[in-house]
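Read the structure below first, then the notes.
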Amino acid sequence: MRGQGYDGASNMSSDRVGVQAWIQQAAPLATYVHCSGHCFKSCSLLDIHNVMDRLEHSCRFFLNSLKQSKILELIVTENVPDSPGRKPLLDLCRTCWAEHHSAYQHFYQAYSFIVQALELIRYCRHLDKYGDKYADWDTVNRTEAQQILTSITSFAFIVSFTCVYLSHLAGITVKLQKRSLDIMDAHELIAEVTATYEGRQQHRSNPSSLSVEDYFKKTVAIPLLDHIITSMKDCFSVAAIVTSSLLGVIPSVCCSKEVNMERAIEKYKDDLPSPELTSTELRRWKAQYSAWNACGPSTEYSSCSHQGL
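Residue numbers (this note's numbering): 3 to 311.
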């Protein structure tokens, strides 16, 4: 056994008491690699956690009711007539970061329309523009609309949501869901983003009297950077990155990128019949696929079953 991967639950991924540790006692070379679909942990910061709860509440309010969904779609269509069929909101998946960003993007782009819909439901505003067809709302819906409207228009929510939405993780999370070549690109992006965040994180301000900007920098922005950096280092450990470099043997990767696999070859040399010839074999492998003018298989399974291998 040479690899294992889980979604990050401590009872599975812990290197001390989790299944990962138990398996590595019997198979020391079974490197743990975090599941690509869950590579960034849910943030425990109060302000960020509140943003997630309020986003989820907003999505449920509109998506779980046909009437509320229709009024939001009407407002979007009236204001953006050239975007037919686009959903104003997506359900917020708490575990998959790629789905997170899609939901954030829809919420960000529809924010002003969501506010108008909530104002219409709670206060019957904008009826002159959208008609009085949706003027009749019961007390429960009006009260809930008031709660959501108050929460998503607060300054703390707007600042915290902006920090999350503009956290530069969209490209990484999307690539991690795709082909082997995209995963290799994602690993390079992770190193770049981590270095960028660590550079920003060093510029901490310690003023004697906090301004509004300094307050949110110290309570939201910097702790969020801390969380992302820690999450990246936990999920993309040196051992996991070394093992993942073996994706470089997949034809679509080796024909497109130069991947340094020396550390992985050294780690798994006992599994190779002639470790000293591995680099030569890889060059022949690359030359074979390059001569065919085709990128070749793009996944581990298709590579193993390909007729040319």
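Each residue gets a CB set at the ideal place from its N, CA and C atoms; glycine is no exception.
| Nearest-angstrom Cα separation, counted from Arg-127 out to His-102 | 31 angstroms
| Within the region 225-259, ranges of the alpha helix (DSSP H) (whole runs, at least 4 residues) | 240-246 and 253-256
| For Gly-7: DSSP bridge partner residues | BP columns for Gly-7 are empty, so no partner.
| said: Suppose only complete runs of 4+ residues qualify. What are the alpha helix (DSSP H) ranges in the region 109-164, listed by chain order? | reply: 129-132 and 141-154
| Tyr-34 by DSSP, collapsed to three states: which one? | strand
| What is the rounded straight-line gap between the Cα of Met-263 and the Cα of Gly-250? | 7 angstroms
| said: So, under 8 angstroms CB-CB, Ile-77 and Phe-109 are touching, yes? Tell me the CB distance rounded to an integer number of Å. | reply: That belief does not hold up - the Cβ atoms of Ile-77 and Phe-109 are roughly 14 angstroms apart, past 8 angstroms.
| Got a sec, what are the start and stop residues for the alpha helix (DSSP H) Thr-79 sits in? | 68-81
| request: Take the Cβ of Ser-15 as the centre, count every other Cβ of all protein chains shown within 10 Å, and call the residue buried at 16 or more, exposed below. | output: buried
| DSSP state of Lys-89, grouped into three classes? | coil
| Are the Cβ atoms of His-36 and Gly-7 separated by less than 9 angstroms? | yes
| Exposure of Pro-209, with buried meaning 16 or more beta-carbon neighbours within 10 Å | With a pLDDT of 45 at Pro-209, under the threshold of 50, the modelled position of this residue cannot be trusted; read the value that follows with caution. Per the 10 Å Cβ criterion, exposed.
| query | In chain order, what residues of the same chain have a beta carbon less than 7 angstroms from the beta carbon of Trp-2, not counting five sequence neighbours either side? | reply | Nothing can be reported for residue 2: it is not among the residues displayed for the chain, which extend from 3 to 311.
| task | From the DSSP output, in three-state form, read off Ser-15 for me. | result | helix
| Using the C-alpha atoms, what's the distance from Tyr-113 back to Asp-130? | 21 angstroms
| By a C-beta neighbour count over all protein chains shown, 10 Å radius and 16 as the cutoff for buried, is Val-214 buried or exposed? | exposed
| request: With Lys-271 as the anchor, note down where its alpha helix (DSSP H) starts and where it stops. | output: Segment: none, Lys-271 is in no alpha helix (DSSP H) and carries neither H nor E.
| query | Do Thr-232 and Lys-269 have their C-beta atoms within less than 9 angstroms of each other? | reply | no
| Contact check, Asp-2 vs Thr-282 under 8 angstroms by CB: the rounded distance? | The question about residue 2 has no answer here: the residues shown for the chain are numbered 3 through 311.
| Alpha carbon to alpha carbon, what distance is there between Met-3 and Glu-75? | 52 angstroms
| field | Lys-288 to Glu-278 span [Cα, whole Å] | value | 17 angstroms
| message | Rounded to whole angstroms, what is the Cα-Cα separation between Ser-12 and Ile-73? | response | 43 angstroms
| query | Helix or strand or just coil, what does DSSP make of Asp-55? | reply | helix
| field | Run of the alpha helix (DSSP H) containing Asp-216, from where it starts to where it stops | value | 214-218
| Proximity winner among Ile-160, Cys-257 and Val-240, relative to Arg-265 (alpha-carbon distances) | Val-240
| message | Here's a check: name, in chain order, each residue in its chain whose Cβ is nearer than 6 angstroms to the Cβ of His-205, leaving out the five neighbours to either side. | response | Interpretation of His-205 is limited by its pLDDT of 49, a score under 50 that renders its predicted location unreliable; the figure taken from the coordinates is listed afterwards. So the list is empty, once near-sequence residues are dropped.
| request: Would you kindly check if the distance between the Cβ of Gln-149 and the Cβ of His-59 is under 9 angstroms? | output: yes
| field | Through-space distance from Leu-92 to Leu-274, alpha-carbon basis | value | 48 angstroms
| query | What is the DSSP secondary structure of Leu-284, counted as helix, strand or coil? | reply | helix
| Between the C-alpha atoms of Gln-107 and Pro-90, what's the straight-line distance to the nearest angstrom? | 10 angstroms
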